[in-house]
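Only one structure is covered here, and it is reproduced in the block below.
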Amino acid sequence: MAAGNVNPFNLSDSEDEAEQRAEDGVHIEKSPSVGTQGPSSNNPFSPPADAEPPALLVSSTRTSPSVEGISVSVAAAAMTVALAETRVSVDVIAAQLIRDHYILTALEFHTELLESGRELPRLRDYFSNPGNFERQTGTPPACKEQGLGPGGPLNRAGSISTLDSLDFARYSDDGNRESDERVAESDTQERNKNYSSHPETQEPIRPLEKRALNFLVNEYLLKNEYKLSAITFSDENDDQDFELWDDVGLNIPKPPDLLQIYRNCGSALPSPRNTVDVAVGVESSELTGNYITQKSDLLQQQQTEVVEELEYQISLLNEEKQSLADYIKKLQSEIQSLRRTVSPPPHDQGSQPNPPSSTPPQPLLDNGQYLDIRGASEPDKPPTESTPPTQTISNPTHTSSQPHAKLKSRGTVVFDQPNRKLSPAFQQALLSFCKMSADSRLGAEVSRIADNEESVMLMLGRCLPHIVPNVLLAKREELIPLILCTACLHPEPKERDQLLHILFNLIKRPDDEQRQMILTGCVAFARHVGPTRVEAELLPQCWEQINHKYPERRLLVAEACGALAPYLPKEIRSSLVLSMLQQMLAEDKADMVREAVVKSLAIIMGYIDDPDKYSQGFELMLLSLGDPSERVVSAIHQVFIPAFAAWTTELGNLQTTLIPSLLARIEKLLKQGEHGLDEHKLHMFLSALQSLIPPLFSVVIQNAPFTHRVNLQGDIPPIEVTRFPRPASPLQDIATIVGSRETLSALLILYDYQLEHEGTTGWDSLLWVVNQLLPQLIDIVGRINVASTTCVHEFSRFFWRLCRTFGKIFTNTKVKPQFQEILRLSEENVDALTGNGILTKATVPIYATGVLTCYNQDEDRKLLVGFLEDVMTTLSLSHAPLDSLKASFVELGANPVYHELLLTVLWYGVVHTSALVRCTAARMFELLVKGVNETLVAQRVVPALITLSSDPEISVRISTIPAFGTIMETVTQKELLERVKMQLASFLEDPQYQDQHSLHMEIIKTFGRVGPNAEPRFRDEFVLPHLHKLALGNNIQATESKRIDIATQLFEAYSALSCCFISEELMVNHFLPGLRCLRTDMEQLSPEHEVILSSMIKEGEMKVENRGIGQAEGSVSIAASLVGEDAKTKFLSKMGQLTTSGAMLANVFQRKK
69 MAAGNVNPFN
79 LSDSEDEAEQ
89 RAEDGVHIEK
99 SPSVGTQGPS
109 SNNPFSPPAD
119 AEPPALLVSS
129 TRTSPSVEGI
139 SVSVAAAAMT
149 VALAETRVSV
159 DVIAAQLIRD
169 HYILTALEFH
179 TELLESGREL
189 PRLRDYFSNP
199 GNFERQTGTP
209 PACKEQGLGP
219 GGPLNRAGSI
229 STLDSLDFAR
239 YSDDGNRESD
249 ERVAESDTQE
259 RNKNYSSHPE
269 TQEPIRPLEK
279 RALNFLVNEY
289 LLKNEYKLSA
299 ITFSDENDDQ
309 DFELWDDVGL
319 NIPKPPDLLQ
329 IYRNCGSALP
339 SPRNTVDVAV
349 GVESSELTGN
359 YITQKSDLLQ
369 QQQTEVVEEL
379 EYQISLLNEE
389 KQSLADYIKK
399 LQSEIQSLRR
409 TVSPPPHDQG
419 SQPNPPSSTP
429 PQPLLDNGQY
439 LDIRGASEPD
449 KPPTESTPPT
459 QTISNPTHTS
469 SQPHAKLKSR
479 GTVVFDQPNR
489 KLSPAFQQAL
499 LSFCKMSADS
509 RLGAEVSRIA
519 DNEESVMLML
529 GRCLPHIVPN
539 VLLAKREELI
549 PLILCTACLH
559 PEPKERDQLL
569 HILFNLIKRP
579 DDEQRQMILT
589 GCVAFARHVG
599 PTRVEAELLP
609 QCWEQINHKY
619 PERRLLVAEA
629 CGALAPYLPK
639 EIRSSLVLSM
649 LQQMLAEDKA
659 DMVREAVVKS
669 LAIIMGYIDD
679 PDKYSQGFEL
689 MLLSLGDPSE
699 RVVSAIHQVF
709 IPAFAAWTTE
719 LGNLQTTLIP
729 SLLARIEKLL
739 KQGEHGLDEH
749 KLHMFLSALQ
759 SLIPPLFSVV
769 IQNAPFTHRV
779 NLQGDIPPIE
789 VTRFPRPASP
799 LQDIATIVGS
809 RETLSALLIL
819 YDYQLEHEGT
829 TGWDSLLWVV
839 NQLLPQLIDI
849 VGRINVASTT
859 CVHEFSRFFW
869 RLCRTFGKIF
879 TNTKVKPQFQ
889 EILRLSEENV
899 DALTGNGILT
909 KATVPIYATG
919 VLTCYNQDED
929 RKLLVGFLED
939 VMTTLSLSHA
949 PLDSLKASFV
959 ELGANPVYHE
969 LLLTVLWYGV
979 VHTSALVRCT
989 AARMFELLVK
999 GVNETLVAQR
1009 VVPALITLSS
1019 DPEISVRIST
1029 IPAFGTIMET
1039 VTQKELLERV
1049 KMQLASFLED
1059 PQYQDQHSLH
1069 MEIIKTFGRV
1079 GPNAEPRFRD
1089 EFVLPHLHKL
1099 ALGNNIQATE
1109 SKRIDIATQL
1119 FEAYSALSCC
1129 FISEELMVNH
1139 FLPGLRCLRT
1149 DMEQLSPEHE
1159 VILSSMIKEG
1169 EMKVENRGIG
1179 QAEGSVSIAA
1189 SLVGEDAKTK
1199 FLSKMGQLTT
1209 SGAMLANVFQ
1219 RKK
């Protein structure tokens, strides 16, 4: 059986749709499910008890059932009762759902079968075939007269499609909305004959006319999927922009499209058609008996029950018939009274009434009441010859069934009669000079005035589609109230659908203000009409545009799904709308659309009440967190996660499922990332955990033992401004989560008292945090790479927000003891802590920067200083790596508030008795100098470094060189730079340091690092000359290993400095001589490096020559350009080994034998 085109959203109970269902009942193939079934029926295909019983009569009144219809119902019901005793297969159910056009139910059934692993071929083939959901043209009137009914082509449905099968690109922006007005076949043939018999002599087409027709033709081709033809047509008219009508050049609004022009060309108003009430039935002999069982006794009893039920239905229908008859009598009496009210006044005895044939009745196009002002064009007739012109009210074709559509009583309108004796023909001829036309569509609308609410709605429904295209785009939002009111009150579903389509397509690319106005109107519409019509009328408009080519239109759809969520049925909200938004989140390429989708999903999470959708919500959260757009990620933290957390809190899953799921993913990430951690995913999961801290604390205080003691009476002290971290959005404000700031304040007072005096016994939600969450987090912290600045920063911020949210008492009594137990820092255990590997992990910087910095009072600062001093001492004395201490200084040094504190810690190291601790302090100054202001550098840093530079231990003095170099790179005070320069000069020129190989290595390394960024004067007068001396001295170095080390560092330093501007004098006196000395070493140690050094020297000499003739400009970039590509490739392959280890460097520079 071919699937019909049925709109899954079209659930309204309009009279036309009921008649269509009745007609479908006539043409449907005969099966045991056909017929009326009472509430006692057990048929699995029967509709619910509150559903409308299927109509057996195709009649306009439908007030009485026919005998044939009842007999059919009895027989059909008997068969279905007998069938109920056998088990029905799922394929039969699927076939029945598709046959009865329960498309949404069939789609849900198909989804459930897929989830259970039992895919049904019938449903799979049906929903994967887009042809089942194609929009087709409506049945022409001629076909209707020939009895083509539902078997013929149906009007296309507004939104019959599935998310996985509908090809949205097949439709244009305006869709394929067919007009209800059709030109009769005879009129078309007559018009064609007239065209062929009277050919017009056309004038040559004008340029503006050609551009206008080109625009309309291109628009027609695009709307009807002739894309290749449209592209070819556009290429042939490359002088015209087909996107803008204004490019045509005509100073007129855009005309209708070609299809509308064709339909309106010579069309006449449709003639009325006679209607006949008919009743249909099915002979009992025609019914098949394949499913009737032989259990006659049981069948007889069941038939008796069915007959009793049908008799009860007949009595109800008779009562309804009687009430409708009374109502018709009442309406007829009102019509008579209205006619008497507007009847003409009595005339003279000699007056003659108009013959009935003189004023033929005009057929009306709808069921409204109108004041026909065309009577005003009739001549004023004298009393003896014609009736006086009074305002007459035309009769309706049928009486409206809505009580509010009653015609209001109007007084008689009487016009002054002239005392003249003109003939009626003369009067008519005279008035014909008043040019009035009622032949066109607009003239027909103007010539009659609606006189009640329903007629006004009908008139607006007809006129608005013609008004909207002619309103300026910038002012079209002014039409929104008119469109919405008409769509709310219009009685015809098709017209309402067209008006809502106009609303969503009102503006081509609506801006923020215009979208807000449309959404405001949609919400007002939803509040007025209720969830059923919102689902049937508004939601299809959203579905049609989820793949629109303009992102502003898709953005409107995404925002509308969220705005309409509170007004939709809960089943649709948690299934169809959720699926639509999920598709847009995964497929839409516009950041702003995905951001709006996330916010709408958050609203859905706030209204959803189906626990089975939790896993889908969690996957949506992870999908959004991985979005490449920052605005989407910001929306997920500000809106979605708080809403999702609120739902999981109601489900009781926050502590048992949601947070453990994120922690499990972090641990899995750490296991997989032993050779390279995916920092982006770690940040994604950790940021989600951080956004869950406010909901977690709300759960803790709302499920505490003291909640029954909350008293909001009396004076409640306000909450300190700095008590909680600043929330990212109002949804993360704990006061908003618990209800009010007064409630939160009262809970906090009891919370602090409970922690300080009464303990945590029986406080399950807090015990979970202390006994499960914190130990797992601390374990994770110990496994991350301490060298990863990003990971350290992320975990530090997480612990900082956790401790600030849970309060100082919780931090001091629950968090700090767990860290201290792991770190085990004490002076007496320094020697024993040599093997304490935890001190080299990320636990140290995260505890120092995430926990100890939460509060900034004196005791807190003292605790932080003591911890850092102990770590520095312990790591130095145990010869452990300093990475954890460096990470702590880098993280704390980013905040100027802690600069004084860090200098205090370093001064402790400067005056320490152990040279190892003093060396560590000297190296820490290098990290601190970059962020400290120059005043502190001059007052605190340089004096400490000068003190260390005169230390008895040579290793301590060497450790100060990187810090001095960093000062030369970052400080601008000349006096300070001179002091540092003098100290470095003492290292290079003092005879006691001439044989200090490690000192020379440190200085050359520092020069290569800071030289390109240092002050040019310092580089020219100090760095380059001393590098030249060191290179010259290395030529006479007797120890080969030392010579290799110095040559390596010199090569790296010269490579870095070659990018700087070097004057001709320095190039000749220091740079090139230093390179030649280095080349001498490389000739003996590494011929590969000798090749590139020769190229650098040659290019430097060329630069000098070019400057001599005035052609040199810019900086000298020596290392970047080489003479031969082969030599460059060979050198770079060797350079890859230079960054590995000293042992490998020795092999690289080993003299060939």
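If you're matching positions, the sequence shown starts at 69 in the numbering used here and goes up one per residue. Glycine included, every Cβ here is placed at the ideal spot set by N, Cα and C.
Which residues in the same chain as Ala-174 place their Cβ atom closer than 7 Å to its Cβ, once the five residues preceding and following it in sequence are excluded? As a first step, residue 174 must be located in the sequence shown, where it is residue number 106. Correct list, in chain order: Ala-162, Leu-165, Ile-166, Leu-191.
Closest by CA to Ile-761, which one among Lys-322, Leu-693, Arg-865? Counting from 1 along the sequence shown, the entry for residue 761 is found at position 693. The option with the nearest alpha carbon to Ile-761 is Arg-865.
Sequence-distant residues of its chain with Cβ nearer than 6 Å to Glu-563 (five each side left out): Along the sequence shown, read from residue 1 onward, the residue named residue 563 stands at position 495. Cβ within range, chain order: Gly-529.
Specify, as a first and last residue, the run of the alpha helix (DSSP H) that Lys-1110 falls within. Residue 1110 sits at position 1042 when you count from the first residue of the sequence shown. Where Lys-1110 is concerned, the enclosing alpha helix (DSSP H) stretches over 1108-1125.
At which residue ranges does the stretch 525-560 contain complete beta strand (DSSP E) runs of 3 or more residues, listed in the order of the chain? none
Cα-Cα separation, Gln-770 to Gly-720: Within the sequence shown, residue 770 is the residue found at index 702, counting from 1. Within the sequence shown, residue 720 is the residue found at index 652, counting from 1. For Gln-770 and Gly-720, the distance between alpha carbons rounds to 13 Å.
Since Glu-959 and Pro-1011 are thought to touch, with beta carbons under 8 Å apart, how far apart are those beta carbons, to the nearest angstrom? Taking the sequence shown and counting its residues from 1, the one referred to as residue 959 is at position 891. Taking the sequence shown and counting its residues from 1, the one referred to as residue 1011 is at position 943. The Cβ separation is near 26 Å, so there is no contact.
State the Cα-Cα distance for the pair Ala-658 and Ser-302, rounded to the nearest angstrom. Position 590 of the sequence shown, counted from the start, is the residue given in the question as residue 658. Position 234 of the sequence shown, counted from the start, is the residue given in the question as residue 302. Roughly 27 Å between the two C-alpha positions.
Should Leu-607 be labelled buried (16 or more other beta-carbon atoms within 10 Å of its own) or exposed? As a position in the sequence shown, residue 607 is number 539, starting the count at 1. Buried: at least 16 other Cβ atoms inside 10 Å.
Taking only three categories from DSSP, how would you classify Lys-617? Numbered from 1 along the sequence shown, position 549 holds the residue referred to as residue 617. Of the three classes helix, strand and coil, the one that applies to Lys-617 here is coil, per DSSP.
Reduced DSSP category for Phe-886 - H, G, I as helix; E, B as strand; rest coil: As a first step, residue 886 is located in the sequence shown; it is residue number 818 there, counting from the start. A quick correction: the sequence has Gln, not Phe, at residue 886. Helix, per DSSP.
Just the C-alpha distance for Gln-370 and Gln-400, rounded to the nearest angstrom, thanks. In the sequence shown, residue 370 corresponds to position 302, counting from 1. In the sequence shown, residue 400 corresponds to position 332, counting from 1. Between Gln-370 and Gln-400, the C-alpha separation is close to 45 Å.
C-beta contact flag for Leu-731 and Gln-844 at 8 Å: If you number the sequence shown from 1, residue 731 lands on position 663. If you number the sequence shown from 1, residue 844 lands on position 776. In contact: Leu-731 and Gln-844 (Cβ atoms closer than 8 Å).
Could you name the residues of the same chain whose beta carbon sits closer than 7 Å to that of Leu-970, not counting the 5 residues immediately before and after it, in chain order? Along the sequence shown, one-based indexing puts residue 970 at 902. Excluding positions up to five away in sequence, the list reads Phe-957, Leu-960, Gly-961, Leu-996.
What's the C-alpha gap between Leu-568 and Glu-605? In the sequence shown, the residue the question calls residue 568 occupies position 500. In the sequence shown, the residue the question calls residue 605 occupies position 537. Cα to Cα, Leu-568 sits roughly 8 Å from Glu-605.
Based on Cα-Cα distance, which residue from Leu-1052, Leu-623, Ser-856 lies nearest to His-748? The residue you call residue 748 lines up with position 680 of the sequence shown. The residue with the shortest Cα to Cα distance from His-748 is Ser-856.
Is it buried or exposed for Gly-185, if we count other Cβ within 10 angstroms and need 16 for buried? Within the sequence shown, numbered from 1, the residue matching residue 185 stands at position 117. Exposed, because fewer than 16 other Cβ atoms sit within 10 Å of the Cβ of Gly-185.
With a threshold of 8 Å, are at least 3 pairs of Cβ atoms found where one atom belongs to the stretch 805-822 and the other to the stretch 836-855? no
Whether Val-849 touches Ala-796 by CB criterion (8 Å): The residue you call residue 849 lines up with position 781 of the sequence shown. The residue you call residue 796 lines up with position 728 of the sequence shown. Not closer than 8 Å, so no.
Tell me whether the stretch 616-632 and the stretch 659-669 touch, counting them as touching only if at least three CB pairs, one residue from each stretch, are closer than 8 Å. yes
Residue span of the alpha helix (DSSP H) that contains Gln-800, given as start and end: Residue 800 sits at position 732 when you count from the first residue of the sequence shown. First-last for Gln-800: undefined, no H or E at that position.
If the criterion is Cβ atoms closer than 8 Å, does the pair Leu-571 and Thr-554 meet it? As a first step, residue 571 is located in the sequence shown; it is residue number 503 there, counting from the start. As a first step, residue 554 is located in the sequence shown; it is residue number 486 there, counting from the start. Their beta carbons are not under 8 Å apart, which means Leu-571 does not touch Thr-554 by this criterion.
What is the residue span of the alpha helix (DSSP H) that Phe-1055 lies within? Locating residue 1055 in the sequence shown gives position 987, where the first residue counts as 1. Residues 1042-1057.
Looking at C-alpha atoms only, which residue of Ile-671, Tyr-819, Thr-804, Gly-782 is the closest neighbour of His-776? Taking the first residue of the sequence shown as position 1, residue 776 is located at position 708. Nearest C-alpha to His-776: Tyr-819.
Tell me the DSSP secondary structure of Phe-301 in three-state form. Taking the sequence shown and counting its residues from 1, the one referred to as residue 301 is at position 233. Phe-301: helix per DSSP, three-state reduction.
Out of Leu-644, Phe-863, Phe-310, Ser-833, point me to the one whose CA is closest to Met-752's CA. Counting from one through the sequence shown, the residue named residue 752 turns up at place 684. Considering only alpha carbons, the answer is Phe-863.
If I measure Cβ to Cβ from Ala-493 and keep anything under 7 Å in the same chain, skipping five residues before and after, which residues do I get? Within the sequence shown, numbered from 1, the residue matching residue 493 stands at position 425. Within the same chain, Ala-493 has no close Cβ partners at all.
Below 8 Å on the Cβ atoms is my guess for Glu-937 versus Tyr-976; work out the distance and round it to an integer in Å. One-based indexing of the sequence shown puts residue 937 at position 869. One-based indexing of the sequence shown puts residue 976 at position 908. The Cβ separation is near 5 Å, so the contact holds.
Which value, in whole angstroms, describes the spacing of the CA atoms of Pro-619 and Ile-551? Along the sequence shown, read from residue 1 onward, the residue named residue 619 stands at position 551. Along the sequence shown, read from residue 1 onward, the residue named residue 551 stands at position 483. Rounded to the nearest angstrom, the two C-alpha atoms are 24 Å apart.
Unbroken alpha helix (DSSP H) run spanning Phe-863, endpoints: Stepping through the sequence shown from its first residue, residue 863 is reached at position 795. Counting along the chain, the alpha helix (DSSP H) containing Phe-863 begins and ends at 857-874.
Between the alpha carbons of Ile-734 and Ser-833, how many angstroms are there, rounded? Taking the first residue of the sequence shown as 1, we reach residue 734 at position 666. Taking the first residue of the sequence shown as 1, we reach residue 833 at position 765. Computed Cα separation, rounded: 22 Å.
What did DSSP end up calling His-596 once you bin it into helix, strand or coil? In the sequence shown, counting from the first residue as 1, residue 596 sits at position 528. Residue state, collapsed to three classes: helix.
Using a 10 Å radius around the Cβ and a threshold of 16 neighbouring Cβ atoms, would you call Pro-1030 buried or exposed? Residue 1030 sits at position 962 when you count from the first residue of the sequence shown. Per the 10 Å Cβ criterion, buried.
The stretch 1113-1120 in contact with the stretch 1135-1154 per 3-pair CB rule at 8 Å: yes
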